[in-house]
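Since the structure comes first, as structure tokens, the remarks are kept for the end.
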Amino acid sequence: MPKIGDIQLPDFPLLLAPMEDVSDPPFRALCKEQGADVVYTEFISSEGLIRDAAKSVMKLDIYEKERPVGIQIFGANLDSMLQSVEIVEKSRPDIIDINFGCPVKKVVSKGAGAGILKDIDLMVSLTKAMVEHTKLPVTVKTRLGWDESSIKIVEVAERLQDVGCQAIAIHGRTRAQMYKGNANWEPIAKVKNNQRMHIPVFGNGDVDSPEAAVKMRDEYGLDGAMIGRASIGYPWFFKEVKHFFETGTHADPPTMVERVEAARRHLQMSIDWKGEKLGVFETRRHYTNYFKGVPNFKPYRMKMVTSDESEDVFAAFDEVLEIFGDFQFAT
């Protein structure tokens, strides 16, 4: 069974990926309840932390019920990254994760996220310095490479392990691909099958069904799966994958009552944590998946994603339950 430092994980753990404006405490709580074994925060700017930027600091909020939880930071400046480690430690996470994979232009243009894939020596030296600066286990999330012509992930993973990285999660796309095309898990399997590797190797990208998770485990031999987009608005994904592992059959999908209840809790927790305006706004992205498959649902979804007042969104939930309460979701 895989371990991150002293943290014992179950056989083939499921990890909630760090996603900007998604992996916040309310959503992490829902995913944890539904079987996520490890959860990560949204990625946090090291520069934002040392400037005490409100949005960055707010992302440091973690809760006991989430553990084990990792705080993910990004940056390309050594001094800033080391200062941010000291700030992060005060929140008492179980893991510090370094983002070497975000493909967004505003991050990459500063040499951070996937931008550092152009300078592997810097990537390794940053990791080494951070490992030496904290007693917490340091892990890395990255991509296959900058583009198809520069995929050296087997060598990169080995070097990161050699400087003390405790686990690596690899997204099966290059930065040039962004999120297009299909994720390629073959290079991730090569990392895992490298006889020098002894830290956990987690796969990420296109784990969008229980069958995909089984394939990643059984055919590619990886140590676990990091789940991203498949969980947005559908925290039950973790539970359904584990049910499939145990039984080989698909679990019954959540009922409309369960979906509305989860959406209600999600919205209320978001409001409690970040206030009415942001709570309403940043929960919108989840509603499509909460109610995916319901026919003639567009008018109700539009109410949820255009209303600025939480009472209007809660009223829309009531309406949905009244009209679609008996709807049967397909397995």
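When we follow the UniProt record's numbering, the leftmost residue of the sequence shown carries the number 1, and every step to the right adds one. Note that the Cβ used here is the ideal one computed from N, Cα and C, for glycine as well.
By the criterion of at least three beta-carbon pairs nearer than 8 Å, the segment 169-184 is in contact with the segment 128-145.
Secondary structure note for D312: its alpha helix (DSSP H) is the uninterrupted segment S310 to F324. Assignment of G115 by DSSP, reduced to helix, strand and coil, places it in the helix class.
Following the DSSP letters along the chain, one finds D272 inside the alpha helix (DSSP H) bounded by residues M256 to K274. Restricting attention to V320, E319 and L267, the CA atom closest to the CA of D308 is found in L267. The beta-bridge partner set that DSSP reports for A129 is empty. Under the DSSP assignment, Y300 falls outside any beta strand (DSSP E), being part of the alpha helix (DSSP H) whose first and last residues are K298 to T306. Within the segment 215-259, the runs of beta strand (DSSP E) that reach at least 3 residues and sit entirely inside it are, in chain order, 224-227. Contact between the segment 217-231 and the segment 14-23 is present: 3 or more CB-CB pairs across the two stretches fall below 8 Å. Residues of the same chain with a CB within less than 7 Å of the CB of S56, apart from the 5 flanking positions on each side, are I44, S45, G48 and L49 in chain order. According to the DSSP assignment, I153 belongs to the alpha helix (DSSP H) that extends over I153 to D162. Proximity to K3 across A54, E158 and C165 peaks at C165, based on C-alpha coordinates.
Look at R285 here: in three-state DSSP terms it is helix.
Under the three-state reduction of DSSP, I188 is assigned to helix.
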